[in-house]
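A short worksheet on the structure shown next.
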Amino acid sequence: MTDSTLPAQGLPPSADQIRRHLRRAQAVAERAIGLGHHPFGAILVGPDQETVLLEQCNIDTVNHAESTLARVAATNFTPEYLWGCTLYTTVEPCCMCAGTAYWANIGRVVFGMTEHALLQVTGSHAENPTMSVPSRYVFDHCQKPVELIGPVPEMEAEIAGLQQRFWAGR
1 MTDSTLPAQG LPPSADQIRR HLRRAQAVAE RAIGLGHHPF GAILVGPDQE TVLLEQCNID
61 TVNHAESTLA RVAATNFTPE YLWGCTLYTT VEPCCMCAGT AYWANIGRVV FGMTEHALLQ
121 VTGSHAENPT MSVPSRYVFD HCQKPVELIG PVPEMEAEIA GLQQRFWAGR
């Protein structure tokens, strides 16, 4: 199947693909810890829902995994191609990251656990000041219909566990 025959936002991901790609994003989040960063990870998957194009861990409080990945993607792929791609991320994108994915023209975002659930796990931690602005709110106010999938119930405990272990030691 060629890219020209794919639906506008690429093939829809299967439940197995969603779990597999979220686990890979989780591995990227684990790698972030080894690099001295907060445990957030994102990957960009091509329109075929199989090809991993980019991986990105969190860098710091203004260079989140999702926004950094979206900026790199926008400089390496055409907007038309990115509209068929999917950004997978462990935790729901904050409003900055949702906006950056939108401006990069990434057509679908999948996340494992909500920002609200992250707050429940981390508490009001000074290094992770969560925002009460769901990514759905951001995407609902865009001119293009970015597809949002998440949270993914079967992945939430796994993702929350890593977050809880990390933040308990901070």
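Residue numbers (UniProt numbering): 1 to 170.
Beta carbons are placed, not taken as given, at the ideal position from N, Cα and C, and that holds for glycine.
CA-CA distance, ALA29 to ILE106, rounds to 21 Å. Ranking THR130, ARG136 and MET131 by CA distance to the CA of PHE111 puts ARG136 first. A residue is called buried once 16 or more other Cβ atoms fall within 10 Å of its Cβ, and GLU92 is buried on that count. In the DSSP annotation of this structure, the continuous segment of the alpha helix (DSSP H) that includes GLN26 starts and ends at 15-34.
With respect to the 8 Å criterion, VAL72 and ALA98 are not classified as neighbours on the basis of their beta carbons.
Between the alpha carbons of GLU115 and CYS94 lies a distance of about 7 Å. In the assembly as shown, LEU35 is an exposed residue. Its beta-carbon has fewer than 16 other beta-carbons within 10 Å. Assigned with DSSP and collapsed to three states, MET155 falls in helix.
Cβ neighbours of THR51 within its own chain (closer than 8 Å, five residues either side excluded): VAL45. Where MET96 is concerned, the enclosing alpha helix (DSSP H) starts and stops at 95-104. Residue burial annotation: GLN56 is buried, with at least 16 other C-beta atoms found within 10 angstroms of its C-beta. Here THR68 has GLN56 and ILE59 as same chain residues with Cβ atoms under 7 Å from its own Cβ, once five neighbours each way along the sequence are excluded.
Residue pairing by DSSP puts GLY41 in a beta bridge opposite CYS57. Here DSSP, grouped into helix, strand and coil, assigns GLY161 to helix.
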